[in-house]
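The listed protein sequences derive, respectively, from chains W and U. Read in order, the letters of the first sequence correspond to residues 1 to 131 in this note's numbering. Read in order, the letters of the second sequence correspond to residues 1001 to 1333 in this note's numbering. We put the beta carbon where it would ideally sit given N, CA and C, even for glycine. No experiment lies behind these values; they were computed from the predicted model shown.
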Amino acid sequence: MRERDVPQEGNATLAGYRKAVYAVGEDGQLRIVASRGSEVEEIVTRQALAELEACAAEARRRALAGLASPLEYHMYRARMDVPMLAQAAGLWRWRVRRHLKPQVFARLPLALKRRYAEALGIAPEALERLE
Amino acid sequence: MRFEHLHASHCESGVMAGLLRPHGMALSEPMAFGLASAIAFAYLPFVRLNGLPLIAYRMPPGAVVRGLDRGLELGMRFETFRSPAAGMARLDALLGEGKAVGLQTSIYWLPYIPPDLRFHFNAHNLIVYGREGDEYLVSDPVAEMPVRCARRDLERARFAKGALAPKGRLYYPTRQPTPGNWQRLGRRALARTAHVMLHTPLPLVGVRGIGWLARTVERLSLRDGGRAASLYIGHIVRMQEEIGTGGAGFRFMYAAFLQQLAARTCYGALEALAARLVEIGDDWQQFAFAAAKMIKRRIALEPPALAARLRAIAVKEKRFFHDLNDTRLAWKS
Chain W
1 MRERDVPQEG
11 NATLAGYRKA
21 VYAVGEDGQL
31 RIVASRGSEV
41 EEIVTRQALA
51 ELEACAAEAR
61 RRALAGLASP
71 LEYHMYRARM
81 DVPMLAQAAG
91 LWRWRVRRHL
101 KPQVFARLPL
111 ALKRRYAEAL
121 GIAPEALERL
131 E
Chain U
1001 MRFEHLHASH
1011 CESGVMAGLL
1021 RPHGMALSEP
1031 MAFGLASAIA
1041 FAYLPFVRLN
1051 GLPLIAYRMP
1061 PGAVVRGLDR
1071 GLELGMRFET
1081 FRSPAAGMAR
1091 LDALLGEGKA
1101 VGLQTSIYWL
1111 PYIPPDLRFH
1121 FNAHNLIVYG
1131 REGDEYLVSD
1141 PVAEMPVRCA
1151 RRDLERARFA
1161 KGALAPKGRL
1171 YYPTRQPTPG
1181 NWQRLGRRAL
1191 ARTAHVMLHT
1201 PLPLVGVRGI
1211 GWLARTVERL
1221 SLRDGGRAAS
1231 LYIGHIVRMQ
1241 EEIGTGGAGF
1251 RFMYAAFLQQ
1261 LAARTCYGAL
1271 EALAARLVEI
1281 GDDWQQFAFA
1291 AAKMIKRRIA
1301 LEPPALAARL
1311 RAIAVKEKRF
1321 FHDLNDTRLA
1331 WKS
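Below, the structure is given as structure tokens:
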């Protein structure tokens, strides 16, 4: 990559940050150049985010319909999946999967709800809501 | 304490370059990366991230710190903690002694990282060099400027759970680094890199791993209209371009290392290798470019075409690392 080819297209996901990349200067030496990011990066980051957002929206719809617990929605909103949430909360996966059912979630002891809220970085009361 | 912030391409090599600076050792980021033999390739289908395989373009987290520690005899001290309170107290004590400290953190909980880039990745590295009340002065190598981070947020990031959980890991050098014999260090680093890339017994690591990845890409099914295939391809590129520095980025950085090593040791043969590695890095970028166009459906989604590109890169890298090894062997002391 030549210094003049360093992408400066403005990757919106960087939110104004500039990345440091190495590029070949006029003298043939590689040096560090600040890049505003490329469209390629933006496309793939957006794709991954859109996938997570779609999961969260779907989980929200199912929670409103009474088919899933709000925990599923909050899990995807925190950009996690079941194995990740299980590790973060220190529970077995099958327990987390079970807690995604609304009937089970409704009877969950407060201590467990606190544990989930802690792992997801939200207040315990927010765990019940679907905002 | 005055601390010179270094804008770097990769977090771990940037942290090491930054940590050694106050100790009077001006090591550039590429030198830190190269001397630690941190370049690699690994395709690990059994490690899943949101259901997709782990693809790494460098050695596992911690390799740069440990690699440099071995080569330069820094006497690095690593500490992890059971309780967040103990971890924060120890950090405060070290800062009180006027030390700059390297930390392993999750990137998801750091408030100054752009929201779109916060994913659950637990092996981010940064330097803390001071504290003002409840705010820590942070030199994060991937940020352009030093930043500040509230105590609560830093604690969260240091004690995040999950894969590669940092457990509050902090590290700092205990010995004054001695500028060693660059030729000896360089030769050892090149040998280790050539070995990892060409002779790792597991075929998923090194240049053979690129072939395995190509095979998987080739077999991606398009039966669901290309949704899954498109996600898979996007994931490869995201691991390559966005997480850390990426496939092309690490190749360029290693090329910079070869140039700087050539300048320090007056061994010109490394210059030619650097130019070749830049070309390989360009190929990786072209691969990412083509993949992104396919995801956006500006061109037809054809996984076999991408697989062919990967195979071509594998051939080039194989030849490159063989020549790197030959150049090392021909290096007269």
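Residue i: contacting residues in chain W (beta-carbon distance under 8 Å)
i	result
Gln-1104 of chain U	None at all; the shortest Cβ gap to chain W is about 16 Å.
Leu-1289 of chain U	The displayed chain sequence assigns Phe, not Leu, to residue 1289 of chain U. Correct list: Val-40.
Val-1278 of chain U	Met-1, Val-24 and Leu-30
Arg-1319 of chain U	Those do not exist, as Arg-1319 of chain U stays about 20 Å from chain W at its closest Cβ, beyond 8 Å.
Gln-1259 of chain U	Gln-29 and Leu-30
Asp-1224 of chain U	Simply none; closest approach about 14 Å.
Asp-1282 of chain U	Met-1
7 Å Cβ cutoff, residue i in contact with chain U
i	result
Asp-81 of chain W	yes
Val-6 of chain W	no
Leu-100 of chain W	no
Ile-43 of chain W	yes
Ala-88 of chain W	yes
Leu-14 of chain W	yes
Arg-18 of chain W	yes
Heavy atom of the ligand FAD within 6 Å of residue i beta-carbon
i	result
Val-1237 of chain U	Looking at this structure, you won't find the ligand FAD or any other ligand, since it has none at all.
Chain-ordered chain U contacts of residue i [CB-CB under 8 Å]
i	result
Leu-110 of chain W	Under the 8 Å cutoff, chain U gives no residues; its nearest Cβ is about 20 Å from Leu-110 of chain W.
Tyr-22 of chain W	Ser-1009, Pro-1030, Gly-1249, Phe-1252, Met-1253, Ala-1255 and Ala-1256
Gly-25 of chain W	In chain order: nothing, as chain U lies at least about 11 Å away.
Ala-119 of chain W	Lys-1161
Minimum Cβ-Cβ distance from residue i to chain W less than 7 Å
i	result
Ala-1292 of chain U	yes
Glu-1144 of chain U	yes
His-1120 of chain U	yes
Lys-1316 of chain U	no
Lys-1161 of chain U	yes
Lys-1296 of chain U	yes
Beta-carbon spacing of residue i, residue j below 7 Å
i	j	result
Asn-1181 of chain U	Cys-1011 of chain U	no
Arg-36 of chain W	Gln-8 of chain W	yes
Tyr-1057 of chain U	Leu-1204 of chain U	no
Ile-1127 of chain U	Gly-1102 of chain U	yes
Val-24 of chain W	Arg-60 of chain W	no
Ser-1009 of chain U	Val-21 of chain W	yes
Gly-1281 of chain U	Ala-1308 of chain U	no
Ala-89 of chain W	Ala-119 of chain W	yes
His-1367 of chain U	Gln-1176 of chain U	Absent from the model: residue 1367 of chain U. The displayed extent of chain U is 1001 to 1333, so no value can be given.
Val-1207 of chain U	Glu-1279 of chain U	no
Leu-1143 of chain U	Pro-1061 of chain U	In the sequence as presented, Leu is not what sits at residue 1143 of chain U; that position holds Ala. Not closer than 7 Å, so no.
Ala-1256 of chain U	Ser-1037 of chain U	no
Leu-1068 of chain U	Ala-1032 of chain U	yes
Phe-1041 of chain U	Ala-1194 of chain U	no
Ser-1013 of chain U	Val-1064 of chain U	yes
His-1235 of chain U	Leu-1052 of chain U	yes
Thr-1174 of chain U	Arg-1021 of chain U	no
Leu-100 of chain W	Leu-71 of chain W	yes
Leu-1094 of chain U	Val-1217 of chain U	no
Proximal residues of chain U, C-beta to C-beta of residue i below 9 Å
i	result
Glu-51 of chain W	Asn-1050, Leu-1231 and Gly-1234
Ala-34 of chain W	His-1007 and Glu-1144
Proximal chain W residues relative to residue i, where beta-carbon distance stays under 7 Å
i	result
Asp-1134 of chain U	Residues of chain W passing the Cβ test: none, with the nearest at roughly 18 Å.
Gln-1285 of chain U	Met-1
Whole-number beta carbon distance between residue j and residue i, since they are thought to touch under 8 Å
i	j	result
Tyr-1254 of chain U	Leu-1277 of chain U	6 Å
Pro-1084 of chain U	Glu-1135 of chain U	Not really, about 17 Å apart at Cβ, beyond 8 Å.
Leu-1035 of chain U	Gly-1071 of chain U	5 Å
Ser-1230 of chain U	Leu-1117 of chain U	With 8 Å as the limit, Ser-1230 of chain U and Leu-1117 of chain U do not qualify as a contact, their Cβ atoms being about 21 Å apart.
Met-1088 of chain U	Arg-1151 of chain U	7 Å
Trp-1109 of chain U	Ala-1157 of chain U	4 Å
Glu-1079 of chain U	Arg-1090 of chain U	6 Å
Val-82 of chain W	Val-96 of chain W	5 Å
Within chain U, the residues that residue i reaches when beta carbons sit closer than 7 Å
i	result
Ala-48 of chain W	Gly-1234 and Arg-1238
Interface residues of chain W facing residue i [CB-CB closer than 9 Å]
i	result
Gly-1071 of chain U	Within 9 Å Cβ-Cβ: nothing; Gly-1071 of chain U doesn't reach chain W, min ~21 Å.
Leu-1117 of chain U	Thr-13, Leu-14, Ala-15, Tyr-17 and Thr-45
Residues in the stretch 1002-1016 of chain U having any Cβ partner in chain W nearer than 7 Å: His-1007, Ala-1008 and Ser-1009
Within 8 Å of chain W by C-beta, residues of the stretch 1091-1115 of chain U in sequence order: Tyr-1108, Trp-1109, Pro-1114 and Pro-1115
Chain-ordered residues of the stretch 59-78 of chain W with a beta carbon less than 7 Å from chain U: none
Residues within the stretch 1209-1222 of chain U neighbouring chain W, beta-carbon criterion of under 7 Å: none
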